[in-house]
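For reference, the structure discussed in these notes is given below.
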Amino acid sequence: MFVIPLRAGAENAHQRFAVQLGDNLIDFEVDFISYLDYPAWSMNLVRDGTRLVAGAMLEPGSDVIQSYRTAIGQMVFTGADVTLDNLGVENFLVWIPPTVDT
1 MFVIPLRAGA ENAHQRFAVQ LGDNLIDFEV DFISYLDYPA WSMNLVRDGT
51 RLVAGAMLEP GSDVIQSYRT AIGQMVFTGA DVTLDNLGVE NFLVWIPPTV
101 DT
């Protein structure tokens, strides 16, 4: 397991960073969505220039990339419902590596 470094606050409303997850260098694009009736964050994942995930919503208690079949493992978002100021403080995005068949 590895906690993805997310940052809260208006100055971090559009985050771009890369994280090595196992054998994969993944580019993260994390954006605060301000036009909805409730606070929300969305996430895109890119590997080697190919978009693996587009617009996954960070919702607590879910594997936010499960339906994408990325073969990079799971991204489980845990903790409190999101706000602009609590991302990575009261909630966390945890990468769980894929299981290896033996």
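Residues 1 to 102, numbered by the UniProt record's numbering, are exactly what the sequence shown covers, in order. Every residue, glycine too, gets a C-beta built ideally from N, C-alpha and C.
Query	Result
Count the other C-beta atoms from every protein chain shown that fall within 10 angstroms of the C-beta of ALA71, then say buried if there are 16 or more, exposed otherwise.	exposed
With which residues is ASN91 paired in a DSSP beta bridge?	GLY79 and LEU87
MET43 lies in the beta strand (DSSP E); which residues open and close that run?	40-47
Which residue or residues does DSSP assign as beta-bridge partners of GLU29?	ARG16 and ASN44
Between ASP37 and ASP81, what straight-line distance do the alpha-carbon atoms span, to the nearest angstrom?	14 Å
Hey, THR83 and PHE92 are a contact pair by Cβ (cut 8 Å); roughly how many whole angstroms apart?	Going by Cβ atoms, the distance from THR83 to PHE92 rounds to 14 Å, so no, they are not a contact pair.
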